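Residue numbers for the sequence shown follow the working numbering, beginning at 1 and rising by one.
Backbone N, C-alpha and C fix where the C-beta goes; we use that ideal spot for every residue, glycine too.
Please read all numbers here as calculations on a predicted model, not as lab measurements.
Reading through the structure tokens given below for one structure.
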Amino acid sequence: MSEPHLYPVPSEWAKRAYVDDTAYQERYAASMRDPEAFWGEEGKRIDWFTPYTRVKNTSFAPGAVSIKWFEDGVTNIAHNCIDRHLATRGDQVAIIWEGDDPSESRHITYRELHDEVCRFANVLRNRDVGKGDRVTIYMPMIPEAAFAMLACARLGAVHSVVFGGFSPDSLAGRIVDCGSKVVITCDEGLRGGRKVPLKANVDAAIVKAGEDKVDHVIVVRRTGGNVAMKPGRDVWYHQAAEMVTSECPAVAVGAEDPLFILYTSGSTGSPKGVLHTTGGYLVYASMTHHYVFDYHDGDIYWCTADIGWVTGHSYIVYGPLANGATTLMFEGVPNYPSNSRFWEVIDKHKVTIFYTAPTAIRALMQGGDAPVSKTSRASLRLLGSVGEPINPEAWEWYYRVVGENRCPIVDTWWQTETGGILITPLPGATALKPGSATRPFFGVRPEIVDAEGTVLEGACEGNLVIADSWPGQMRTVYGDHERFMQTYFATYPNKYFTGDGCRRDADGYYWITGRVDDVINVSGHRMGTAEVESALVAHPKVSEAAVVGYPHDIKGQGIYAYVTLMAGEVETEDLRKELIVWVRTEIGPIASPDLIQFAPGLPKTRSGKIMRRILRKIAEDEFGNLGDTSTLADPAVVDDLVSNRQNKK
Ligand code: 6R9
């Protein structure tokens with residue numbers, strides 16, 4: 001492999017940034033030498049009602065995994081994200097909202113944010129929401145979504161945000177799993193000029209979940225579209241908010257009390273409720289936002305994620321607001337009304353820091369340079385990437401065309417489970433290599449292990465594990481600690497297993513190579529192949545299904561489904577389309593198979609295990625390299641699979 005081009009730290013960046021390379025080396029070493037002392041100091045970056053005396057109490061020991069940070073401290077997240085800024089930045093804009101329609105935007109100051117969040121909290125409190133209660137939030141990208149999250153945090157309630165693109169069925173499963181009695185939604189969402197029937201989806205989800213499961217649905221008005229309101233259960237937010245004051249005390253919450261649940265896909269079973277708690281999460285989200293984005297007063301920071309994903313939680317809402325930042329929230333999509341939208345928003349609001357996903361960059365890159373070059377982007381000084389490996393071509397385009405060779409790119413590797421960024425450049429400290437997430441953040445101890453768990457040294461390739469805890473780490477799978485330990489700590493004892501493959505080069509830079517488990521990453525969204533398979537086999541005409549990922553130019557990975565029909569069913573184009581619609585309805589549009597291949601049989605071992613390795617190779621077009629097929633129960637099925645392979649789009 002040829003050595004990639006190295007982009008040194010621009011000298012003005014080394015000077016102005018919080019951390020230059022020497023500072024990085026020193027502080028990283030200190031964080032490894034004495035984590036207790038390091039985090040004991042860093043924990044002070046947030047306000048505590050009662051200061052902690054214990055810093056780190058964590059164990060990855062087999063069967064006894066337990067993670068606690070700052071455990072005797074008492075605080076409140078909403079206090080830290082709002083109240084503590086009022087004296088110094090009450091009139092500073094906290095949230096800039098840019099609507100789907102370019103003519104719509106809002107500016108919300110910290111003082112206004114305080115009033116909005118208190119009102120929202122009072123509306124929830126009037127519906128018996130208190131400490132520890134779960135609240136499901138199914139909202140589009142409007143400021144009320146952030147108000148709702150912060151209102152829960154203010155009361156010590158636990159939010160579970162469900163991405164607005166998920167189907168009623170997926171929503172129902174998530175409502176039932178965490179037992180949330182209250183759902184917050186909108187009449188309709190608006191994306192790319194199209195309406196999304198959020199309230200109707202909630203109604204359908206509650207029918208599916210059981211009418212007794214949900215006591216209250218709070219409906220924020222967004223489009224004014226007609227929706228059914230069930231008396232006694234459903235209430236318009238704007239009406240309920242008129243009945244309450246804008247004062248609501250921030251409840252004292254223990255550092256290890258839960259803050260939120262966020263469902264994410266794994267290699268097996270239904271999505272897991274990833275549980276994050278209060279103190280450590282906020283310290284970590286705030287600290288990483290501060291250093292990775294080198295956030296300074298006056299910056300306008302924009303992360304294009306949706307609040308339905310962890311990136312929206314940590315880097316639109318909690319990290320930036322804990323730091324008293326101005327954070328931009330965008331309702332729309334990158335190509336509406338035109339391919340210039342991102343860059344026009346940057347010019348309109350003078351965005352200085354821009355954080356997006358490789359899939360968006362690749363899609364926009366296909367439209368050529370002109371939609372970018374016609375805008376100014378003079379305000380930009382830093383770019384970020386998250387969600388999947390960024391291919392060097394997309395990186396170079398982002399750097400050269402969007403950033404005009406002026407803005408460092410922070411390629412940030414992390415996961416829902418990690419709460420915040422773990423491997424990343426720091427813009428004033430790290431020379432960049434396109435496609436590498438570079439080096440660990442302070443306090444993060446990555447290791448690369450082989451299949452047997454042997455820790456590899458120097459330049460090497462294997463599986464990525466993290467050898468010790470950091471404050472932002474998830475604490476458990478909601479309601480299933482056994483599953484938490486099995487999923488993340490059983491493969492390599494005493495280490496957190498990330499599920500990612502990784503290479504480390506001679507400079508100690510990390511290169512994430514993608515998932516090594518049955519998780520696929522479609523446009524930066526995680527999908528468990530098992531979830532798509534179980535949706536397919538739920539169709540009455542389907543007998544068996546196997547799903548794998550394949551390389552896709554824009555999405556990174558596409559979804560390739562092999563489907564065996566029930567005896568007597570006929571393979572038709574109509575059925576193929578019907579199955580795609582079926583999966584969309586069962587899970588949501590992000591799970592739509594890109595390609596479906598009807599297969600009379602799937603390659604199985606004699607014990608009945610589907611050999612995914614072979615299916616992956618066929619989907620990847622690597623017919624010549626199918627490996628050993630002699631252990632198959634019926635090796636002939638492979639020939640049929642190869643000759644009927646679906647063409648890539
Ligand atoms: C934050 C987020 C996590 C998975 C992760 C990895 C992939 C995320 C990446 C990256 C290479 C990066 N991933 N960032 N791969 N480079 N900079 O995306 O969380 O939705 O839980 O996905 O995404 O495979 O394991 P989540």
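Would you say the beta carbon of N391 is closer than 8 Å to some non-hydrogen atom of ligand 1? Position 391 of the sequence shown, counting from 1, holds the residue named residue 391. Flag unset: Cβ of N391 not near ligand 1.
Own chain residues within Cβ distance below 8 Å of V372, not counting five before or after: Taking the first residue of the sequence shown as position 1, residue 372 is located at position 372. So the list reads S340, W343, L364, V401, V402, once near-sequence residues are dropped.
Are the beta-carbon atoms of G387 and G472 separated by less than 9 Å? By one-based count along the sequence shown, residue 387 stands at place 387. By one-based count along the sequence shown, residue 472 stands at place 472. Their beta carbons are not under 9 Å apart, which means G387 does not touch G472 by this criterion.
Buried versus exposed call for P635 [16 or more other C-beta atoms within 10 Å across all chains shown]: One-based indexing of the sequence shown puts residue 635 at position 635. Per the 10 Å Cβ criterion, exposed.
Can you tell me whether V65 is helix, strand or coil according to DSSP? Here residue 65 corresponds to residue number 65 of the sequence shown, with the count starting at 1. Coil at V65, not helix or strand.
Residues with a Cβ closer than 7 Å to any heavy atom of ligand 1, in chain order? T264, W309, V310, T311, S385, V386, G387, E388, P389, I390, D411, T412, W413, W414, Q415, T416, E417, A437, T498, G499, D500, I512, G514, R515, N521, G524, H525, R526
Under 8 Å by Cβ, that's how I've got F260 and V183 pegged, so tell me the actual separation to the nearest angstrom. Numbered from 1 along the sequence shown, position 260 holds the residue referred to as residue 260. Numbered from 1 along the sequence shown, position 183 holds the residue referred to as residue 183. Not confirmed; about 15 Å, so no contact.
Backbone secondary structure at A561 - three-state DSSP: Along the sequence shown, one-based indexing puts residue 561 at 561. If DSSP states are grouped into helix, strand and coil, A561 belongs with the strands.
Based on the DSSP output, what are the partners of W236 in its beta bridges? Here the question's residue 236 lines up with position 236 in the sequence shown. Answer is V219, bridged to W236.
Is the closest heavy atom of ligand 3 to the C-beta of L275 under 8 Å? Ligand 3 is not among the ligands present in this structure, which contains only ligand 1.
Pick from T304, H276, E247 that is closest to G479, judged by C-alpha positions: Along the sequence shown, one-based indexing puts residue 479 at 479. Among T304, H276, E247, the Cα nearest to that of G479 is on H276.
Delimiting residues of the alpha helix (DSSP H) encompassing I142: Locating residue 142 in the sequence shown gives position 142, counting from the first residue. First-last for I142: undefined, no H or E at that position.
Under the three-state reduction of DSSP, which class applies to A467: helix, strand or coil? Along the sequence shown, read from residue 1 onward, the residue named residue 467 stands at position 467. Note: A467 maps to coil in three-state DSSP.
Please report the straight-line C-alpha distance between S534 and A545, rounded to a whole angstrom. Translated into the one-based positions of the sequence shown, residue 534 becomes position 534. Translated into the one-based positions of the sequence shown, residue 545 becomes position 545. If you take the alpha carbons of S534 and A545, they lie about 8 Å apart.
When H79, G90, H539, V519 are compared against Q557, the one with the closest alpha-carbon: Taking the sequence shown and counting its residues from 1, the one referred to as residue 557 is at position 557. Among H79, G90, H539, V519, the Cα nearest to that of Q557 belongs to V519.
Along the chain, where does the alpha helix (DSSP H) containing R616 start, and where does it finish? Position 616 of the sequence shown holds residue 616. Element bounds for R616: 612-619.
Using DSSP with H/G/I as helix, E/B as strand and the rest coil, what is H296? Indexing the sequence shown from 1 puts residue 296 at position 296. It is coil, neither helix nor strand.
Coil, strand or helix - P434 by DSSP: Against the sequence shown, residue 434 aligns to sequence position 434. P434 falls in the coil class under three-state DSSP.
Is the CB-CB distance between Q415 and L422 below 9 Å? Translated into positions along the sequence shown, residue 415 becomes position 415. Translated into positions along the sequence shown, residue 422 becomes position 422. Cβ distance < 9 Å, so Q415 and L422 count as in contact.
Pairwise C-alpha distance: Y562 and S11: In the sequence shown, residue 11 corresponds to position 11, counting from 1. In the sequence shown, residue 562 corresponds to position 562, counting from 1. Each residue's alpha carbon lies about 53 Å from the other.
How many Å lie between C303 and K348 at the Cα? One-based indexing of the sequence shown puts residue 303 at position 303. One-based indexing of the sequence shown puts residue 348 at position 348. Spanning the two alpha carbons is a distance of roughly 15 Å.
Determine, using beta-carbon pairs with one atom in the region 152-167 and one in the region 127-136, whether at least three such pairs fall under 8 Å. yes
Who are the near neighbours of V642 in its chain, counting only those whose CB is closer than 7 Å to its CB and skipping five residues on each side? Here the question's residue 642 lines up with position 642 in the sequence shown. Excluding positions up to five away in sequence, the list reads I618, F623.
Burial state of E404 (16 or more Cβ within 10 Å): On the sequence shown, residue 404 is found 404 positions in, with the first residue counted as 1. Exposed, since its Cβ has fewer than 16 Cβ neighbours within 10 Å.
Can you tell me which of the three DSSP states A546 falls into? Against the sequence shown, residue 546 aligns to sequence position 546. Note: A546 maps to strand in three-state DSSP.
Check the DSSP bridge columns for P446 and list the partner residues they point to. Start at 1 with the first residue of the sequence shown, and residue 446 comes out as number 446. According to DSSP, which records beta bridges pairwise, P446 is partnered with I466.
Going by DSSP in three states, C654 sits in which element: helix, strand or coil? As shown, the chain starts at 1 and ends at 649. That puts residue 654 outside it, with no answer to give.
According to the Cβ coordinates, are K433 and P4 closer than 9 Å? Within the sequence shown, the letter at position 433 stands for residue 433. Within the sequence shown, the letter at position 4 stands for residue 4. A contact, by the Cβ cut-off of 9 Å.
Please list the terminal residues of the continuous beta strand (DSSP E) segment that includes F623. On the sequence shown, residue 623 is found 623 positions in, with the first residue counted as 1. Looking at the DSSP string, F623 is not in any beta strand (DSSP E), and its letter there is neither H nor E.
Member of I346, L321, L456 whose CA lies at the smallest distance from the CA of Q92: Position 92 of the sequence shown, counted from the start, is the residue given in the question as residue 92. It is L321 whose Cα lies nearest to the Cα of Q92.
CB of R504 within 9 Å of CB of G458, strictly: Here residue 504 is taken as the residue at index 504 of the sequence shown, counted from 1. Here residue 458 is taken as the residue at index 458 of the sequence shown, counted from 1. Cβ distance < 9 Å, so R504 and G458 count as in contact.
Under three-state DSSP, which class holds T109? Numbered from its first residue, the sequence shown carries residue 109 at position 109. Strand.
For the alpha helix (DSSP H) that contains E482, what are its first and last residues? Indexing the sequence shown from 1 puts residue 482 at position 482. Here the alpha helix (DSSP H) through E482 covers 481-489.
Considering only C-alpha positions, which residue in the set V274, A200, S338 is nearest to T375? Along the sequence shown, read from residue 1 onward, the residue named residue 375 stands at position 375. Residue S338 is the option with its Cα nearest to T375.
Which ranges would you report for the beta strand (DSSP E) in the region 226-277 if only whole runs of at least 3 residues count? 234-236, 258-264, 272-277
Excluding the 5 residues preceding and the 5 following V455 in the sequence, name in chain order all residues of the same chain whose CB lies nearer than 6 Å to its CB. Taking the sequence shown and counting its residues from 1, the one referred to as residue 455 is at position 455. Closer than 6 Å at the Cβ level, and outside the excluded window around V455, lie E447, V449.
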